[in-house]
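Structure first, commentary second.
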Amino acid sequence: SQTIHQWPATLVQPVGSPLSLECTVEGTSNPNLYWYRQAAGRGLQLLFYSVGIGQISSEVPQNLSASRPQDRQFILSSKKLLLSDSGFYLCAWSPGTGGYSNQPQHFGDGTRLSIL
Amino acid sequence: GENVEQHPSTLSVQEGDSAVIKCTYSDSASNYFPWYKQELGKGPQLIIDIRSNVGEKKDQRIAVTLNKTAKHFSLHITETQPEDSAVYFCAAPPDNTGGFKTIFGAGTRLFVKA
């Protein structure tokens, strides 16, 4: 069966420090991968998605970047964190075959990022 | 582009009662409608989905209905239990974007009182 792992679960970082959040998927090949941010008590904002190694699409201009160095690895980064980067970051995957619009997304358990 | 509206934002029911959450969407080309449940400190988990070629789907105590003409779909939870307390999200991937940009509703926080 497929599993998705995110780490760390929680992270406290000072303003201006760098960031690296990692997500890996097991049990499937060539998945579509996603990074979302969720503000407290709010909905899901899509940040990045990827359909293959090295292929990244950005949804909103921001202080963050994403990379996909391997088929089942997705990394969210920042060179200098801002206070506004605080939030709950979720990684998700969906099957890379078939009609994209007919596939559910499977989420990891998220990273709660606090910027001080 | 697709717009998904979800109501109510908060719902409180007595244990054993039914709960209904409704979503409306704008893109008539959308053809897949999942529902996710998010428990505190966890990621959303798919609980049920429906495709546009059916009007209703049921899985034990939960069911989803779809009205393509009116462009709305609803989640029904019967015989609610305290463990149903969570935030529920509907979603509608707009077909003309290949489904990547899944548009989520704002969420409904369900409280089930014992």
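Chains as they are written, first to last, in the numbering used here: chain H, 1 to 116; chain P, 117 to 230. Quick reminder that beta carbons are idealized off the backbone N, C-alpha and C, glycines included. Bear in mind that the values here come from a model prediction, so they are computed numbers and not experimental data.
Cross-chain neighbours of residue i in chain P, by beta carbon under 8 Å
{"i": "Asp109 of chain H", "result": "Gly157, Lys158, Gly159"}
{"i": "Gly43 of chain H", "result": "Phe205, Phe220, Gly221, Ala222, Gly223"}
{"i": "Leu90 of chain H", "result": "Gly159, Pro160"}
Proximal chain H residues relative to residue i, where beta-carbon distance stays under 8 Å
{"i": "Lys184 of chain P", "result": "None at all; the shortest Cβ gap to chain H is about 15 Å."}
{"i": "Lys174 of chain P", "result": "Correct list: empty, because the minimum Cβ distance to chain H is about 17 Å."}
Helix, strand or coil at residue i [DSSP, three-state]
{"i": "Leu119 of chain H", "result": "Missing from the structure shown is residue 119 of chain H; chain H here goes from 1 to 116 and no further."}
{"i": "Pro198 of chain P", "result": "helix"}
{"i": "Asp143 of chain P", "result": "coil"}
Closest residue to residue i among the options (Cα-Cα distance)
{"i": "Gln62 of chain H", "options": "H:Phe48, H:Gln73, H:Gln2", "result": "H:Phe48"}
{"i": "Arg37 of chain H", "options": "H:Asp85, H:Val12, H:Gln55, H:Glu22", "result": "H:Asp85"}
{"i": "Lys80 of chain H", "options": "H:Leu19, H:Gly54, H:Gln55", "result": "H:Leu19"}
{"i": "Val51 of chain H", "options": "H:Trp35, H:Gly110, H:Ala9", "result": "H:Trp35"}
{"i": "Ile4 of chain H", "options": "P:Val228, P:Ile164, P:Gly159", "result": "P:Gly159"}
Partner residues on chain H for residue i, Cβ-Cβ distance less than 9 Å
{"i": "Leu162 of chain P", "result": "Pro104, Gln105, His106, Phe107"}
{"i": "Lys138 of chain P", "result": "By Cβ distance, chain H contributes nothing, its closest Cβ being about 16 Å from Lys138 of chain P, past 9 Å."}
Nearest-angstrom Cβ-Cβ length linking residue i and residue j, presumed shorter than 8 Å
{"i": "Phe88 of chain H", "j": "Leu33 of chain H", "result": "Going by Cβ atoms, the distance from Phe88 of chain H to Leu33 of chain H rounds to 18 Å, so no, they are not a contact pair."}
{"i": "Leu182 of chain P", "j": "Phe149 of chain P", "result": "6 Å"}
Chain H contact residues for residue i, given Cβ-Cβ distances below 7 Å
{"i": "Asp165 of chain P", "result": "Pro104"}
- Against chain P: residues of the region 46-80 of chain H by CB proximity under 9 Å: Within the region 46-80 of chain H, Leu46, Tyr49, Val51, Ser57, Glu59 place their CB atoms closer than 9 Å to a CB of chain P, listed in sequence order.
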